[in-house]
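Just add 1408 to the spot in the sequence shown (first one is 1) and you have this note's numbering. Every residue, glycine too, gets a C-beta built ideally from N, C-alpha and C.
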Amino acid sequence: MIILENEFLLLEVSEHGAELKRIFHKSKKRDYLWKGGKEWRRHSPILFPNIGGMAGEKLIVDGKSYPALPHGFARDCKFKILESSTQYVILVLEHDETTAIYYPYKFRLAITYTLKENSVEIGWHIYNEDERTLYFSIGAHPGFMLAENSCVEDYKIVFDKTINVQTRRVVGRYLTEEKELVIQNCNEFHIKPELFAKDALILEGSNISEVSLINEKCGYFVKIKCPDFPVVALWTNPNSLDNIKFICIEPWCGINSFVNDKPEEINKKERINELNPLEAWEKSYIIEVQ
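In structure tokens:
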């Protein structure tokens, strides 16, 4: 386990999936990141090269079909430490015989964690080492553990602007093409179990730059700064609504396939990203805790 630390926070990062496993606030003596459990065994997986399910559970490149794992394969790969100090680490996954089973491109994916006072910046860097255009989706999936003995309905989601909370609905690993209006004209709402009875809330094109999870009664505060992300998902396990223990705030560059989609070339995928040969793509978001 990789330890990053400053006077405010202590982080733990695993080489397995380059996954952030812990955010510990020293002065509050509080863990903010979900520790894993029967409700959800992960903590903050990286979703690459696809988000959710791909149509037919296939990824098609240049007419050839490859098995597409839910949320991609990177979250279960061993990353190598490229560079590290007490306050940052760079982990790298490079294409090899195993990744080629699922994804034929020659690529390099670097994940950077950088401590900055009471926040951590998570950077994604993708390098196309192939001679053809590379197509991909990538997303974050951090889960935030609610304070012990707190009431879930005392927590609220706060946006940096007023939006209509509308979502496509999750069906298995796929999404409906139709959107459902959940809350109209709001910049904050309190968590209620019924909001997640149909699975995630997937916010597209809302142009939000910040999403916070706050409980003023117990001094709980998490803010995700994610400008220019086209999609942000909010999720907790819909099978554990009688005792919600965590809320995920997920900035995505990409989206699941739709229920009625047929397998087709990856370049036709909704919200797919493309990267020219020998070029690089990068994106970052920040988790701030108080």
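Helix, strand or coil at Val1667 [DSSP, three-state]: coil
Closest residue to Ala1641 among Pro1685, Ser1620, Asn1647 (Cα-Cα distance): Ser1620
Straight-line Cα distance separating Thr1507 from Trp1532: 18 Å
Per-residue burial, Glu1658 [other beta carbons within 10 Å of its own, 16 or more giving buried]: buried
Alpha-carbon to alpha-carbon, Glu1672 and Asn1684: 20 Å
Cβ neighbour criterion (16 or more within 10 Å) applied to Lys1437: exposed
Thr1520 burial status per 10 Å Cβ neighbour count (16 or more: buried): buried
Cβ pair His1479, Ile1509 closer than 8 Å: no
Reference Thr1563, options Leu1603, Tyr1511, Lys1446, Leu1686, closest by Cα: A small correction: the amino acid at residue 1563 is Tyr; Thr does not occupy that position in the sequence shown. Comparing Cα-Cα distances from Tyr1563 to each of Leu1603, Tyr1511, Lys1446, Leu1686, the minimum goes to Leu1603.
DSSP state of Phe1604 mapped onto helix, strand, coil: helix
For Cys1661 and Pro1638, the rounded distance between their alpha carbons: 6 Å
Enclosing beta strand (DSSP E) for Ile1652 [first to last residue]: It is not in any beta strand (DSSP E) - Ile1652 carries neither H nor E in the DSSP assignment.
Nearest-angstrom Cβ-Cβ length linking Arg1430 and Glu1420, presumed shorter than 8 Å: 4 Å
Beta-carbon gap between Asp1669 and Ala1463 smaller than 8 Å: yes
Endpoints, alpha helix (DSSP H) assigned at Ile1509: 1507–1510
Other residues of its chain near Asn1675: CB distance less than 8 Å, five sequence neighbours each side excluded: Thr1541, Tyr1543, Glu1682
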